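Here is the structure we will look at.
Following this line, the structure appears as C-alpha cells:
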C-alpha cells in the first residue's frame, strides 16, 4: 500500500464500504497508506502477497485463509496478479465470491506471461477500469465476456478540491519540494518508468528558451539508479540543470497539484485510466 492508482483505489473502496456500514479488511505487504486505511476505520493484515515466487505461495495461502476465517469475509476483491495467484484459490475453496479488478495493461510478451495474467480472469466478476482495458482484455481473453464489465475510475472531489486544501498543506509541500516563487511550475506526477515519458518532457523543456520555468518530475527520484542517472544525463546534456528536477513521491497529491501551473502526461502509450488528468482538472490545473 504505497503510492499509485491501484493503492489509492484500494483505500477509496475501503472508505466507501465503511461509509455504507460494511467492514473493510485489506491484506497487503504494507506501506505508507496503511495508516490512512486505519484512520478510516479499515483493518489491515500484513502478509507478503506481493511475492512472485510460487514456492512461497503455498505457505502464504494458509495465512490468507486464517484472515478470511477470522474476519468472516463474504467477498474477496483482488487487484493484482501475484495476490490473485495466492488468494483466489483460497477464496474459491472456501466458496467465497471473488471480484478481480484489472488496473493495468496486459502485455502479450510470451505464452507464460499470458498464463500469469489469466489468473485475473477467474473472478466471478471481472472489472476493467476503462474502455481501453476492457478492449485489451477482450482481445486476449474473449471467454470472460459474460463476467467482464467496465467500471471507470474516478476522482474523490472531497479530497481533490481547492477549497478543501489548507494553506498549511500547500506550504508544507512547497517547502518539501523547494519550489521557487518567481517562475512557472510544470509538473509530471508519475511512477518512475520509461513509458511515462519523462524523457519526452525533458526534450520539450529544452525548446522553451524564453520562458522562466521549473519542471518537477514527481516520483522520478524513487526510481532505480539506472532510471535516475539516465534522466540526469539527459538533463545535463540539454543544459537544464536546476530547471528540471527529480523529486520523490509526495504524500499529499491534492496540495502538490495546487502548486502547479501546468500538469503534463506525456505517456508513450495509452494510460489504463490516467488518474493524474482528472485529479489535476479537479484542482483547476
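In the numbering used here, the protein residues as written are 34 to 318.
Beta carbons: idealized from backbone N, C-alpha and C, even for Gly.
Just so it is clear, the structure is predicted and the values come from calculations on it, not from any experiment.
Check, Outcome
"Opposing strand residues paired with residue 221 [DSSP bridges]", "250"
"Close beta carbons around residue 305, own chain, < 7 Å, minus the five adjacent residues each side", "136, 137, 138, 162, 163, 165, 166"
"For residue 72, the nearest candidate out of 83, 105, 58 (CA to CA)", "58"
"Validate contact between the segment 286-306 and the segment 140-158 using beta carbons, cut 8 Å, 3 pairs", "no"
"Nonlocal neighbours in the same chain, by C-beta distance under 7 Å from residue 206, ignoring five residues either side", "283, 285, 288, 289, 292"
"Of the residues 64, 201, 56, 117, the one placed nearest residue 74, counting alpha carbons only", "56"
"Distance CB(residue 230)-CB(residue 299) smaller than 8 Å", "yes"
"CA-to-CA distance, residue 196 to residue 278, given in whole angstroms", "28 Å"
"Assigned secondary structure, residue 43 (DSSP; H/G/I helix, E/B strand, else coil)", "helix"
"Run of the alpha helix (DSSP H) containing residue 110, from where it starts to where it stops", "Here residue 110 belongs to no alpha helix (DSSP H); instead the beta strand (DSSP E) covers 109-111."
"Residue 196 in three-state terms, based on DSSP", "helix"
"First through last residue of the alpha helix (DSSP H) which encompasses residue 106", "Careful: residue 106 lies outside any alpha helix (DSSP H) and carries neither H nor E."
"Distance, residue 254 Cα to residue 263 Cα", "12 Å"
"Spatial neighbours of residue 280 in its chain, beta-carbon cut-off 8 Å, leaving aside the 5 residues before and after", "210, 249, 250, 251, 252, 253, 254"
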